[in-house]
(Lines of atoms letter the chains of each structure in order from A and count residues from 1; the text may use other names and numbers.)
(Lines give C-alpha, C1' and ligand atoms only; values in the text may rest on other atoms or scores of the structure.)
Protein backbone atom coordinates (compact mmCIF):
# COMPACT_ATOMS: atom_id res chain seq x y z
CA UNK A 1 0.00 0.00 0.00
CA UNK A 2 1.29 3.46 -0.93
CA UNK A 3 0.37 6.55 1.07
CA UNK A 4 -0.22 9.61 -1.11
CA UNK A 5 1.51 12.82 0.01
CA UNK A 6 2.09 16.04 -1.89
CA UNK A 7 5.37 18.00 -1.90
CA UNK A 8 3.56 21.14 -3.05
CA UNK A 9 2.01 21.96 0.34
CA UNK A 10 3.15 22.85 3.83
CA UNK A 11 2.24 19.38 5.05
CA UNK A 12 5.32 18.00 3.28
CA UNK A 13 7.55 20.08 5.57
CA UNK A 14 5.65 18.99 8.67
CA UNK A 15 6.22 15.33 7.77
CA UNK A 16 9.94 15.93 8.28
CA UNK A 17 9.38 16.52 12.00
CA UNK A 18 8.78 12.80 12.51
CA UNK A 19 10.77 10.70 9.99
CA UNK A 20 10.83 7.72 12.35
CA UNK A 21 7.03 7.56 12.20
CA UNK A 22 7.09 6.84 8.46
CA UNK A 23 10.60 5.50 7.85
CA UNK A 24 9.26 2.33 6.17
CA UNK A 25 6.14 3.83 4.60
CA UNK A 26 5.70 3.44 0.83
CA UNK A 27 4.84 6.86 -0.62
CA UNK A 28 3.20 7.81 -3.91
CA UNK A 29 3.90 11.31 -5.24
CA UNK A 30 2.12 12.84 -8.21
CA UNK A 31 4.43 14.43 -10.76
CA UNK A 32 1.82 17.18 -11.08
CA UNK A 33 2.39 18.04 -7.41
CA UNK A 34 6.13 18.13 -8.04
CA UNK A 35 5.60 20.58 -10.88
CA UNK A 36 3.43 22.76 -8.58
CA UNK A 37 5.92 22.78 -5.70
CA UNK A 38 7.98 25.78 -4.69
CA UNK A 39 10.61 26.43 -7.42
CA UNK A 40 13.43 25.94 -4.92
CA UNK A 41 12.04 22.51 -4.03
CA UNK A 42 11.68 21.56 -7.70
CA UNK A 43 15.30 22.52 -8.37
CA UNK A 44 16.53 20.58 -5.36
CA UNK A 45 14.49 17.51 -6.29
CA UNK A 46 15.92 17.52 -9.81
CA UNK A 47 19.47 17.95 -8.49
CA UNK A 48 19.37 15.52 -5.56
CA UNK A 49 16.48 13.21 -6.41
CA UNK A 50 13.46 12.73 -4.17
CA UNK A 51 15.37 10.99 -1.38
CA UNK A 52 18.17 13.55 -1.47
CA UNK A 53 15.63 16.35 -1.27
CA UNK A 54 13.81 14.67 1.63
CA UNK A 55 17.09 14.29 3.55
CA UNK A 56 17.97 17.93 2.86
CA UNK A 57 14.52 19.15 3.89
CA UNK A 58 14.69 17.03 7.05
CA UNK A 59 17.88 18.80 8.12
CA UNK A 60 16.60 22.25 7.13
CA UNK A 61 13.28 21.84 8.93
CA UNK A 62 14.91 20.14 11.91
CA UNK A 63 17.35 23.01 12.47
CA UNK A 64 14.54 25.52 12.25
CA UNK A 65 12.39 23.67 14.79
CA UNK A 66 15.29 23.18 17.22
CA UNK A 67 16.05 26.90 17.06
CA UNK A 68 12.43 27.78 17.85
CA UNK A 69 11.78 28.40 21.53
CA UNK A 70 8.02 28.90 21.27
CA UNK A 71 6.24 26.65 23.78
CA UNK A 72 4.14 24.88 21.14
CA UNK A 73 7.30 23.62 19.40
CA UNK A 74 9.10 22.32 22.50
CA UNK A 75 7.36 18.94 22.28
CA UNK A 76 8.85 18.25 18.85
CA UNK A 77 12.49 18.82 19.85
CA UNK A 78 12.80 15.29 21.23
CA UNK A 79 11.82 13.76 17.87
CA UNK A 80 14.53 15.50 15.86
CA UNK A 81 18.04 14.06 15.79
CA UNK A 82 20.29 15.71 13.22
CA UNK A 83 23.36 13.70 14.25
CA UNK A 84 22.29 10.73 12.12
CA UNK A 85 21.40 10.10 8.51
CA UNK A 86 17.87 10.48 7.20
CA UNK A 87 16.15 7.19 8.14
CA UNK A 88 13.67 6.74 5.27
CA UNK A 89 13.80 3.32 3.57
CA UNK A 90 10.35 2.89 1.99
CA UNK A 91 9.50 2.74 -1.71
CA UNK A 92 8.78 5.88 -3.73
CA UNK A 93 6.34 5.67 -6.63
CA UNK A 94 6.07 8.62 -9.01
CA UNK A 95 2.59 8.81 -10.48
CA UNK A 96 2.28 10.36 -13.93
CA UNK A 97 -0.19 12.97 -12.70
CA UNK A 98 -2.54 12.04 -15.53
CA UNK A 99 -5.70 12.83 -13.55
CA UNK A 100 -4.55 16.39 -12.83
CA UNK A 101 -3.16 16.91 -16.32
CA UNK A 102 -6.65 16.24 -17.64
CA UNK A 103 -7.91 19.53 -16.16
CA UNK A 104 -7.26 22.63 -18.33
CA UNK A 105 -7.28 24.93 -15.28
CA UNK A 106 -4.50 22.91 -13.65
CA UNK A 107 -2.48 22.95 -16.86
CA UNK A 108 -3.00 26.71 -17.07
CA UNK A 109 -1.27 26.99 -13.71
CA UNK A 110 1.75 25.15 -15.10
CA UNK A 111 1.93 27.56 -18.04
CA UNK A 112 3.08 30.15 -15.47
CA UNK A 113 5.88 27.90 -14.15
CA UNK A 114 9.37 29.45 -14.04
CA UNK A 115 10.70 26.27 -15.68
CA UNK A 116 10.60 26.19 -19.52
CA UNK A 117 10.32 22.38 -19.63
CA UNK A 118 7.21 22.42 -17.42
CA UNK A 119 5.63 25.22 -19.47
CA UNK A 120 6.30 23.33 -22.69
CA UNK A 121 4.88 20.12 -21.26
CA UNK A 122 1.69 21.92 -20.18
CA UNK A 123 1.35 23.38 -23.67
CA UNK A 124 1.71 19.92 -25.22
CA UNK A 125 -0.97 18.46 -22.94
CA UNK A 126 -3.38 21.29 -23.77
CA UNK A 127 -2.76 20.65 -27.46
CA UNK A 128 -3.47 16.94 -26.88
CA UNK A 129 -6.79 17.78 -25.21
CA UNK A 130 -7.85 20.06 -28.07
CA UNK A 131 -6.95 17.56 -30.77
CA UNK A 132 -8.50 14.67 -28.85
CA UNK A 133 -11.93 16.33 -28.79
CA UNK A 134 -12.17 17.09 -32.52
CA UNK A 135 -15.16 15.42 -34.14
CA UNK A 136 -13.88 15.51 -37.73
CA UNK A 137 -10.58 15.80 -39.59
CA UNK A 138 -8.76 14.21 -36.70
CA UNK A 139 -5.00 14.08 -37.28
CA UNK A 140 -3.89 10.74 -35.83
CA UNK A 141 -0.23 11.23 -36.77
CA UNK A 142 -0.01 14.62 -35.07
CA UNK A 143 -1.84 13.26 -32.02
CA UNK A 144 0.69 10.43 -31.63
CA UNK A 145 3.56 12.89 -32.14
CA UNK A 146 2.25 15.13 -29.36
CA UNK A 147 1.98 12.09 -27.09
CA UNK A 148 5.58 11.09 -27.79
CA UNK A 149 6.89 14.61 -27.19
CA UNK A 150 4.95 14.98 -23.94
CA UNK A 151 6.10 11.59 -22.62
CA UNK A 152 9.76 12.24 -23.47
CA UNK A 153 9.72 15.63 -21.77
CA UNK A 154 7.87 14.24 -18.77
CA UNK A 155 10.06 11.16 -18.36
CA UNK A 156 13.32 13.12 -18.50
CA UNK A 157 12.15 15.10 -15.48
CA UNK A 158 10.88 11.99 -13.70
CA UNK A 159 14.24 10.24 -14.12
CA UNK A 160 15.98 13.17 -12.43
CA UNK A 161 13.78 12.58 -9.39
CA UNK A 162 15.15 9.02 -8.98
CA UNK A 163 12.10 7.25 -7.53
CA UNK A 164 11.81 3.47 -7.27
CA UNK A 165 8.85 3.26 -9.65
CA UNK A 166 7.83 5.53 -12.52
CA UNK A 167 4.36 5.38 -14.06
CA UNK A 168 3.93 6.21 -17.75
CA UNK A 169 1.93 9.27 -18.80
CA UNK A 170 -1.78 8.70 -19.34
CA UNK A 171 -5.17 10.23 -20.02
CA UNK A 172 -7.86 9.11 -17.58
CA UNK A 173 -10.85 7.17 -18.92
CA UNK A 174 -14.25 8.67 -18.11
CA UNK A 175 -16.92 6.08 -18.80
CA UNK A 176 -19.50 8.55 -20.16
CA UNK A 177 -17.18 10.02 -22.80
CA UNK A 178 -17.92 9.43 -26.50
CA UNK A 179 -16.30 6.21 -27.65
CA UNK A 180 -14.09 8.04 -30.17
CA UNK A 181 -12.58 10.12 -27.34
CA UNK A 182 -12.05 7.07 -25.14
CA UNK A 183 -10.30 5.19 -27.95
CA UNK A 184 -8.07 8.21 -28.58
CA UNK A 185 -7.12 8.27 -24.93
CA UNK A 186 -6.13 4.62 -25.12
CA UNK A 187 -3.99 5.46 -28.16
CA UNK A 188 -2.35 8.28 -26.19
CA UNK A 189 -1.65 5.99 -23.23
CA UNK A 190 -0.17 3.20 -25.34
CA UNK A 191 1.96 5.62 -27.35
CA UNK A 192 3.32 7.09 -24.13
CA UNK A 193 4.09 3.65 -22.68
CA UNK A 194 5.96 2.60 -25.81
CA UNK A 195 7.82 5.91 -25.97
CA UNK A 196 8.88 5.59 -22.33
CA UNK A 197 10.20 2.07 -22.90
CA UNK A 198 12.13 3.22 -25.97
CA UNK A 199 13.65 6.08 -23.99
CA UNK A 200 14.60 3.61 -21.26
CA UNK A 201 16.41 1.52 -23.88
CA UNK A 202 18.51 4.56 -24.82
CA UNK A 203 19.22 5.64 -21.24
CA UNK A 204 22.35 4.07 -19.69
CA UNK A 205 22.73 3.06 -16.07
CA UNK A 206 20.28 1.80 -13.44
CA UNK A 207 16.73 3.09 -13.73
CA UNK A 208 13.51 2.87 -11.71
CA UNK A 209 10.92 0.22 -12.49
CA UNK A 210 8.62 1.41 -15.27
CA UNK A 211 4.90 0.67 -14.91
CA UNK A 212 2.75 0.97 -18.05
CA UNK A 213 -0.74 2.37 -17.50
CA UNK A 214 -3.79 0.65 -18.94
CA UNK A 215 -7.42 1.73 -18.71
CA UNK A 216 -10.76 -0.06 -19.15
CA UNK A 217 -12.39 0.68 -22.51
CA UNK A 218 -15.94 -0.46 -23.13
CA UNK A 219 -19.63 0.27 -22.65
CA UNK A 220 -20.55 2.64 -19.78
CA UNK A 221 -21.75 0.90 -16.61
CA UNK A 222 -25.22 2.42 -16.92
CA UNK A 223 -25.82 0.54 -20.17
CA UNK A 224 -24.90 -2.90 -18.83
CA UNK A 225 -27.99 -5.00 -18.28
CA UNK A 226 -30.06 -2.59 -20.35
CA UNK A 227 -28.76 -2.06 -23.89
CA UNK A 228 -25.75 -4.37 -23.41
CA UNK A 229 -25.77 -7.72 -21.64
CA UNK A 230 -23.28 -8.38 -18.88
CA UNK A 231 -21.69 -11.19 -20.92
CA UNK A 232 -21.15 -8.93 -23.94
CA UNK A 233 -19.78 -6.14 -21.76
CA UNK A 234 -17.31 -8.49 -20.07
CA UNK A 235 -16.18 -9.82 -23.45
CA UNK A 236 -15.77 -6.27 -24.78
CA UNK A 237 -13.62 -5.17 -21.84
CA UNK A 238 -11.57 -8.37 -22.03
CA UNK A 239 -10.94 -7.75 -25.73
CA UNK A 240 -9.82 -4.12 -25.24
CA UNK A 241 -7.63 -5.09 -22.29
CA UNK A 242 -6.06 -7.76 -24.50
CA UNK A 243 -5.39 -5.26 -27.29
CA UNK A 244 -3.59 -2.98 -24.84
CA UNK A 245 -1.52 -5.74 -23.24
CA UNK A 246 -0.56 -7.20 -26.63
CA UNK A 247 0.60 -3.78 -27.80
CA UNK A 248 2.77 -3.41 -24.70
CA UNK A 249 4.21 -6.91 -25.14
CA UNK A 250 5.15 -6.08 -28.74
CA UNK A 251 6.91 -2.96 -27.50
CA UNK A 252 8.84 -5.12 -25.04
CA UNK A 253 9.85 -7.55 -27.79
CA UNK A 254 11.03 -4.74 -30.07
CA UNK A 255 13.02 -2.86 -27.41
CA UNK A 256 14.38 -5.88 -25.56
CA UNK A 257 13.16 -4.43 -22.25
CA UNK A 258 10.28 -5.36 -19.95
CA UNK A 259 7.87 -3.16 -18.08
CA UNK A 260 8.31 -3.61 -14.36
CA UNK A 261 4.56 -3.92 -13.98
CA UNK A 262 1.20 -2.57 -15.03
CA UNK A 263 -0.93 0.12 -13.38
CA UNK A 264 -4.68 0.30 -13.90
CA UNK A 265 -6.41 3.66 -13.92
CA UNK A 266 -10.00 4.93 -13.96
CA UNK A 267 -11.10 2.70 -11.08
CA UNK A 268 -11.51 5.52 -8.53
CA UNK A 269 -15.05 6.56 -9.56
CA UNK A 270 -16.29 2.95 -9.77
CA UNK A 271 -18.52 2.36 -6.75
CA UNK A 272 -20.67 -0.44 -8.16
CA UNK A 273 -18.88 -3.61 -7.07
CA UNK A 274 -20.68 -5.67 -9.67
CA UNK A 275 -19.15 -3.51 -12.40
CA UNK A 276 -15.79 -3.43 -10.61
CA UNK A 277 -15.79 -7.21 -10.51
CA UNK A 278 -16.61 -7.32 -14.22
CA UNK A 279 -13.61 -5.08 -14.99
CA UNK A 280 -11.21 -6.86 -12.65
CA UNK A 281 -12.35 -10.30 -13.80
CA UNK A 282 -11.96 -9.36 -17.46
CA UNK A 283 -8.44 -8.09 -16.83
CA UNK A 284 -7.44 -11.12 -14.75
CA UNK A 285 -8.66 -13.46 -17.48
CA UNK A 286 -6.76 -11.49 -20.12
CA UNK A 287 -3.50 -11.49 -18.15
CA UNK A 288 -3.77 -15.24 -17.57
CA UNK A 289 -4.50 -15.91 -21.24
CA UNK A 290 -1.48 -13.86 -22.32
CA UNK A 291 0.79 -15.42 -19.69
CA UNK A 292 1.61 -12.22 -17.79
CA UNK A 293 -0.48 -12.73 -14.65
CA UNK A 294 2.65 -12.78 -12.45
CA UNK A 295 3.59 -9.15 -13.13
CA UNK A 296 3.06 -6.51 -10.42
CA UNK A 297 -0.39 -4.95 -10.87
CA UNK A 298 -1.17 -1.59 -9.26
CA UNK A 299 -4.64 -0.08 -8.76
CA UNK A 300 -4.71 3.70 -8.55
CA UNK A 301 -6.80 5.22 -5.77
CA UNK A 302 -8.04 1.89 -4.40
CA UNK A 303 -8.39 1.99 -0.65
CA UNK A 304 -10.04 -0.01 2.09
CA UNK A 305 -12.72 -2.43 0.90
CA UNK A 306 -11.97 -1.77 -2.78
CA UNK A 307 -8.32 -2.77 -2.30
CA UNK A 308 -9.29 -6.03 -0.60
CA UNK A 309 -11.81 -6.72 -3.36
CA UNK A 310 -9.29 -6.10 -6.16
CA UNK A 311 -6.65 -8.17 -4.39
CA UNK A 312 -8.84 -11.21 -5.01
CA UNK A 313 -8.35 -10.61 -8.75
CA UNK A 314 -4.56 -10.43 -8.63
CA UNK A 315 -3.85 -6.76 -7.89
CA UNK A 316 -0.68 -6.50 -5.85
CA UNK A 317 -0.39 -2.84 -4.80
CA UNK A 318 -2.64 0.12 -4.13
CA UNK A 319 -2.53 3.78 -3.14
CA UNK A 320 -4.80 6.16 -1.29
CA UNK A 321 -5.04 9.73 -0.03
CA UNK A 322 -8.05 9.00 2.20
CA UNK A 323 -5.88 9.29 5.32
CA UNK A 324 -4.98 12.86 4.35
CA UNK A 325 -8.52 13.85 3.38
CA UNK A 326 -9.89 12.63 6.70
CA UNK A 327 -7.13 14.33 8.69
CA UNK A 328 -7.82 17.66 6.99
CA UNK A 329 -11.29 17.42 8.49
CA UNK A 330 -9.72 16.48 11.85
CA UNK A 331 -11.18 12.99 11.67
CA UNK A 332 -9.25 10.26 13.46
CA UNK A 333 -9.72 6.55 12.79
CA UNK A 334 -10.74 4.33 15.68
CA UNK A 335 -9.59 0.75 14.98
CA UNK A 336 -11.90 -0.62 17.67
CA UNK A 337 -15.05 0.57 15.89
CA UNK A 338 -13.76 0.90 12.31
CA UNK A 339 -15.04 4.48 12.14
CA UNK A 340 -13.65 8.01 12.00
CA UNK A 341 -14.34 10.33 14.93
CA UNK A 342 -13.91 14.08 15.01
CA UNK A 343 -10.94 15.01 17.22
CA UNK A 344 -11.18 11.80 19.26
CA UNK A 345 -8.01 9.69 19.40
CA UNK A 346 -8.70 6.00 20.08
CA UNK A 347 -8.52 4.89 23.69
CA UNK A 348 -6.20 2.06 22.70
CA UNK A 349 -3.99 1.84 19.60
CA UNK A 350 -0.69 0.12 18.77
CA UNK A 351 0.15 1.96 15.53
CA UNK A 352 3.63 3.59 15.29
CA UNK A 353 2.16 7.07 15.80
CA UNK A 354 0.18 6.27 18.93
CA UNK A 355 3.11 4.24 20.27
CA UNK A 356 5.43 7.29 20.15
CA UNK A 357 3.08 10.24 20.62
CA UNK A 358 0.72 11.29 23.39
CA UNK A 359 -2.95 11.75 22.43
CA UNK A 360 -2.56 15.48 23.10
CA UNK A 361 -0.18 15.76 20.15
CA UNK A 362 -2.87 14.52 17.77
CA UNK A 363 -5.24 17.14 19.20
CA UNK A 364 -2.82 20.10 19.07
CA UNK A 365 -4.70 23.19 17.93
CA UNK A 366 -2.36 26.09 18.71
CA UNK A 367 -1.27 28.51 16.02
CA UNK A 368 1.64 27.25 13.95
CA UNK A 369 1.39 23.61 14.95
CA UNK A 370 -2.20 22.71 14.13
CA UNK A 371 -1.01 21.29 10.79
CA UNK A 372 1.64 19.26 12.60
CA UNK A 373 -1.16 17.49 14.44
CA UNK A 374 -2.94 16.97 11.12
CA UNK A 375 0.15 15.17 9.79
CA UNK A 376 0.19 12.87 12.80
CA UNK A 377 -3.52 12.21 12.34
CA UNK A 378 -2.97 11.32 8.67
CA UNK A 379 -0.19 8.87 9.53
CA UNK A 380 -2.32 7.30 12.26
CA UNK A 381 -5.25 7.01 9.85
CA UNK A 382 -3.09 5.31 7.25
CA UNK A 383 -1.55 2.80 9.61
CA UNK A 384 -4.74 1.83 11.42
CA UNK A 385 -7.22 1.83 8.54
CA UNK A 386 -5.24 0.76 5.49
CA UNK A 387 -3.01 -1.66 7.36
CA UNK A 388 -6.11 -3.37 8.76
CA UNK A 389 -7.23 -4.00 5.20
CA UNK A 390 -3.78 -5.30 4.28
CA UNK A 391 -4.13 -7.79 7.11
CA UNK A 392 -7.43 -8.88 5.57
CA UNK A 393 -5.56 -9.54 2.32
CA UNK A 394 -2.99 -11.65 4.14
CA UNK A 395 -5.77 -13.72 5.65
CA UNK A 396 -7.15 -14.34 2.17
CA UNK A 397 -3.86 -16.03 1.24
CA UNK A 398 -4.16 -18.37 4.21
CA UNK A 399 -7.70 -19.46 3.40
CA UNK A 400 -7.92 -22.94 1.79
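Numbering (my numbering), first residue to last: -10 to 389. Quick reminder that beta carbons are idealized off the backbone N, C-alpha and C, glycines included. In this text, all values refer to a predicted model and were calculated from it rather than measured experimentally.
Supposed close pair residue i, residue j - CB separation, criterion 8 Å
i, j, result
"residue 25", "residue 149", "That pair is no contact at about 17 Å."
"residue 200", "residue 154", "6 Å"
"residue 48", "residue 14", "That belief does not hold up - the Cβ atoms of residue 48 and residue 14 are roughly 20 Å apart, past 8 Å."
"residue -7", "residue 370", "Not really, about 12 Å apart at Cβ, beyond 8 Å."
"residue 347", "residue 337", "That pair is no contact at about 14 Å."
"residue 136", "residue 177", "5 Å"
"residue 228", "residue 251", "Between residue 251 and residue 228 the Cβ distance is about 17 Å, and since that is not below 8 Å, they are no contact."
"residue 113", "residue 158", "The pair is not a contact, with the Cβ atoms about 10 Å apart (cut-off 8 Å)."
"residue 393", "residue 267", "With the chain represented from -10 up to 389, any question about residue 393 goes unanswered, as that position is not in the structure."
Residue i: first and last residue of the uninterrupted beta strand (DSSP E) it sits in
i, result
"residue 287", "286 to 288"
"residue 212", "Segment: none, residue 212 is in no beta strand (DSSP E) and carries neither H nor E."
"residue 328", "328 to 331"
"residue 155", "154 to 156"
"residue 82", "81 to 84"
"residue -7", "-9 to -7"
"residue 307", "306 to 309"
"residue 323", "320 to 323"
"residue 253", "250 to 253"
Endpoints, alpha helix (DSSP H) assigned at residue i
i, result
"residue 30", "28 to 55"
"residue 263", "262 to 278"
"residue 198", "It is not in any alpha helix (DSSP H) - residue 198 instead sits in the beta strand (DSSP E) that spans 198 to 203."
"residue 291", "First-last for residue 291: undefined, no H or E at that position."
"residue 177", "168 to 191"
"residue 233", "219 to 244"
"residue 17", "Element bounds for residue 17: not the alpha helix (DSSP H) but the beta strand (DSSP E), 16 to 19."
"residue 62", "60 to 63"
"residue 0", "-1 to 4"
Of the residues the options, the one placed nearest residue i, counting alpha carbons only
i, options, result
"residue 190", "311, 244 and 42", "244"
"residue 286", "315, 302 and 295", "302"
"residue 378", "176, 327, 281 and 366", "327"
"residue 29", "97, 6, 8 and -4", "-4"
"residue 73", "9, 260, 382 and 254", "9"
"residue 186", "221, 239 and 214", "239"
"residue 169", "252, 159 and 124", "124"
"residue 61", "382, 353, 375 and 376", "353"
"residue 202", "253, 53 and 193", "253"
"residue 345", "50, 65 and 233", "65"
"residue 367", "356, 340 and 160", "340"
"residue 376", "307, 226 and 334", "307"
"residue 138", "151, 156 and 109", "109"
"residue 358", "-10, 225 and 6", "6"
"residue 69", "77, 51 and 76", "51"
"residue 43", "115, 151, 146 and 192", "151"
"residue 272", "67, 235 and 214", "235"
"residue 101", "40, 140, 323 and 27", "27"
"residue -2", "-10, 23 and 11", "23"
"residue 305", "224, 382 and 77", "382"
"residue 147", "192, 126 and 172", "192"
"residue 471", "349, 215, 351 and 322", "Nothing can be reported for residue 471, as the shown portion of the chain is limited to -10 through 389."
"residue 63", "380, 350, 129 and 86", "350"
"residue 332", "312, 320 and 343", "320"
"residue 270", "219, 183, 241 and 237", "219"
"residue 181", "279, 233 and 4", "233"
Short CB-CB distance (under 7 Å) between residue i and chain C
i, result
"residue 210", "In the displayed structure, chain C is absent; only one protein chain is listed."
Near the ligand COA: residue i beta-carbon under 6 Å from a heavy atom
i, result
"residue 226", "You won't find the ligand COA in this model; it holds no ligand whatsoever."
Stretch-stretch touch, CB-based, cutoff 8 Å, three pairs: the segment 82 to 92 with the segment 12 to 19
yes
Please confirm if the segment 56 to 74 is in contact with the segment 113 to 128, defined as three or more CB-CB distances below 8 Å between the two stretches.
no
Which ranges would you report for the beta strand (DSSP E) in the segment 65 to 140 if only whole runs of at least 3 residues count?
81 to 84
When the Cβ atoms of the segment 363 to 381 are set against those of the segment 311 to 331, are three or more pairs found closer than 8 Å?
yes
For the segment 203 to 210 against the segment 157 to 175, are there 3 or more C-beta pairs whose distance is under 8 Å?
yes
Counting pairs of beta carbons, one from the segment 91 to 109 and one from the segment 290 to 301, are three or more of them closer than 8 Å?
no
Whole runs of the alpha helix (DSSP H) within the segment 345 to 373, excluding any shorter than 4 residues:
348 to 351 and 359 to 370
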